[in-house]
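Asks: At position 225 of the sequence shown (counting the first as 1) the number is 246 in the numbering used here, and the numbers step up by one without a gap. Where is the CB? At the ideal position from N, CA and C, for every residue including glycine.
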Amino acid sequence: MSTSNKFKVLITGYEPFGEEKVNPSEIVAKEAALAVGKLENVDVVAAVLPVSFKRARTALNELLKTHKPDIALSLGLWGGISYVTLERVAINVMDARIPDNDGNQPIDEPIEPEGPAAYFTTLPIKSILKKLREEGIPAMISNSAGTFLCNFALYELLHHGATFGYPKRAGYMHIPYLPEQASVKRSWCGIPPSMSLDLVVKAVVTAVKVTVERFHIIEDEKIPP
Ligand code: PCA
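(1) Alpha carbon to alpha carbon, what distance is there between R207 and V66?
(2) Tell me whether the beta-carbon of A77 lies closer than 8 Å to the beta-carbon of A191.
(3) So for L96, helix, strand or coil by DSSP?
(4) Please name the residue, chosen from V233, L94, M115 and G58, that lies closest to L70 on a Cα-to-Cα basis.
(5) May I ask you to report which of helix, strand or coil DSSP gives D64?
(6) Please list the terminal residues of the continuous beta strand (DSSP E) segment that includes G192.
(7) Measuring only the C-alpha atoms, how far is I102 from A166?
(8) Can you determine whether any heavy atom of the ligand PCA sits closer than 7 Å to the C-beta of G101, and answer yes or no?
(9) Relative to the ligand PCA, is the shortest distance from any of its heavy atoms to the C-beta of N113 smaller than 7 Å?
(10) Measure the alpha-carbon distance for A50 versus V105 and round it to whole angstroms.
(11) Please work out which residues of its chain come closer than 8 Å, Cβ to Cβ, to A80, disregarding the five sequence neighbours upstream and downstream, and give them in chain order.
(12) Going by beta-carbon coordinates alone, are L107 and I158 separated by less than 8 Å?
(13) May I have the straight-line CA-CA distance separating V221 from L170, to the nearest angstrom?
(14) Nearer than 7 Å: is that true of the beta carbon of C171 relative to any heavy atom of the ligand PCA?
(15) Excluding the 5 residues flanking E47 on each side, which residues of the same chain have their C-beta closer than 8 Å to its C-beta?
(16) Hey, quick one: how far does the beta strand (DSSP E) through A111 stretch, first residue to last?
(17) Would the beta-carbon of I162 fall within 8 Å of that of P214?
(18) Got a sec, what are the start and stop residues for the beta strand (DSSP E) I162 sits in?
(19) Taking the alpha carbon of A228 as the point to measure from, which residue in V43, P45, A56 and E40 has its own alpha carbon closest?
(20) Quick one: what does DSSP say T1 is sitting in, helix, strand or coil?
(21) Compute the Euclidean distance between the alpha carbons of L98 and L218, then round it to the nearest angstrom.
(22) Inspect the CB distances between the segment 173-188 and the segment 125-141 and report whether three or more fall short of 8 Å.
(23) Sort out for me which residues DSSP pairs M115 with in a bridge.
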């Protein structure tokens, strides 16, 4: 815990990428930070990461060094899902389906050449899942954050935590399209699924609250995914 006796929380979103003009994770990170900032035992920092392997690495490391967060929750868009996901694992690979926003497209390259193959999230994802279900928010555990920037951010957060001791709790939430974003798209099923800004923000705030409550509890709750 930081010296002020408050939990320092970092929430990040990503800027738009590919064909998307907006990235809901950017909006949600800022909105959720406003709500989380009202909790009495929390100091919060919100940031938007570039969708660039090179610049995201620098940005994340600077954020971590500057703010030394106890808890870090990164957010990103996964267009097409109808629920928020709690990512369980980050793998040590960059295998980009499309070029990042700098035009770089690493294929089968390690994120950290000396790092382990994978890290498990250090968030209490089952306890968070349980609470989200109680609140009526569609949520799932996901066992792959992909191999693009989202997996990259989670791996870097967890690698930093394992190497330097903070953030002690780090994780990743993928989020769906916003309704206004989905409304102008068409997919095999018609209009792709979406979730309102309010509901996604609530999911993020809940994830932070549960993590704060269980910060010192090593065992997560045992419930089916
Ligand atoms: N989603 C991408 C990268 C940025 C984002 O919001 C991903 O899932 O990797």
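Replies: Straight from the coordinates:
(1) For the purposes of this step, residue 66 is taken as the residue at position 45 of the sequence shown. For the purposes of this step, residue 207 is taken as the residue at position 186 of the sequence shown. Their backbone Cα atoms lie some 36 Å apart in a straight line.
(2) Taking the first residue of the sequence shown as position 1, residue 77 is located at position 56. Taking the first residue of the sequence shown as position 1, residue 191 is located at position 170. Going by C-beta atoms, A77 is not nearer than 8 Å to A191.
(3) If you number the sequence shown from 1, residue 96 lands on position 75. Strand at L96.
(4) On the sequence shown, position 49 is the one that residue 70 refers to. Nearest option by C-alpha distance: L94.
(5) For the purposes of this step, residue 64 is taken as the residue at position 43 of the sequence shown. Correct three-state label for D64: strand.
(6) Locating residue 192 in the sequence shown gives position 171, counting from the first residue. Element bounds for G192: R190 to I196.
(7) Counting from one through the sequence shown, the residue named residue 102 turns up at place 81. Counting from one through the sequence shown, the residue named residue 166 turns up at place 145. Taking the straight line joining both Cα atoms gives about 13 Å.
(8) As a working mapping, residue 101 is identified with position 80 in the sequence shown. Answer for G101: no, Cβ out of range of the ligand PCA.
(9) Taking the sequence shown and counting its residues from 1, the one referred to as residue 113 is at position 92. Not so, every heavy atom of the ligand PCA lies at least 7 Å from the Cβ.
(10) Along the sequence shown, read from residue 1 onward, the residue named residue 50 stands at position 29. Along the sequence shown, read from residue 1 onward, the residue named residue 105 stands at position 84. Whole-angstrom Cα-Cα distance: 14 Å.
(11) Locating residue 80 in the sequence shown gives position 59, where the first residue counts as 1. Excluding residues within five positions, the ones whose Cβ falls inside 8 Å are A68, L70 and P71.
(12) Counting from 1 along the sequence shown, the entry for residue 107 is found at position 86. Counting from 1 along the sequence shown, the entry for residue 158 is found at position 137. No.
(13) To locate residue 221, count along the sequence shown from 1; it is residue 200. To locate residue 170, count along the sequence shown from 1; it is residue 149. Rounded to the nearest angstrom, the two C-alpha atoms are 20 Å apart.
(14) The residue labelled residue 171 in the question sits at position 150 within the sequence shown. The answer is yes for C171.
(15) By one-based count along the sequence shown, residue 47 stands at place 26. Cβ neighbours of E47 beyond the five flanking positions: G34, Y35, E36, P37 and V69.
(16) Here residue 111 corresponds to residue number 90 of the sequence shown, with the count starting at 1. Taken as a continuous stretch (DSSP letters only), the beta strand (DSSP E) holding A111 covers V110 to I112.
(17) Your numbering for residue 162 matches position 141 in the sequence shown. Your numbering for residue 214 matches position 193 in the sequence shown. No, they are not a contact pair.
(18) On the sequence shown, residue 162 is found 141 positions in, with the first residue counted as 1. Unbroken beta strand (DSSP E) run through I162: A160 to S163.
(19) Reading the sequence shown from its first residue, position 207 is the one you call residue 228. Minimum Cα distance to A228 is reached at A56.
(20) Coverage of the chain is limited to positions 22 through 246, which leaves residue 1 absent and any answer about it impossible.
(21) Position 77 of the sequence shown, counted from the first residue, corresponds to residue 98. Position 197 of the sequence shown, counted from the first residue, corresponds to residue 218. So the alpha carbons of these two residues sit roughly 13 Å apart.
(22) yes
(23) If you number the sequence shown from 1, residue 115 lands on position 94. Answer by DSSP bridge pairing, in chain order: E130.
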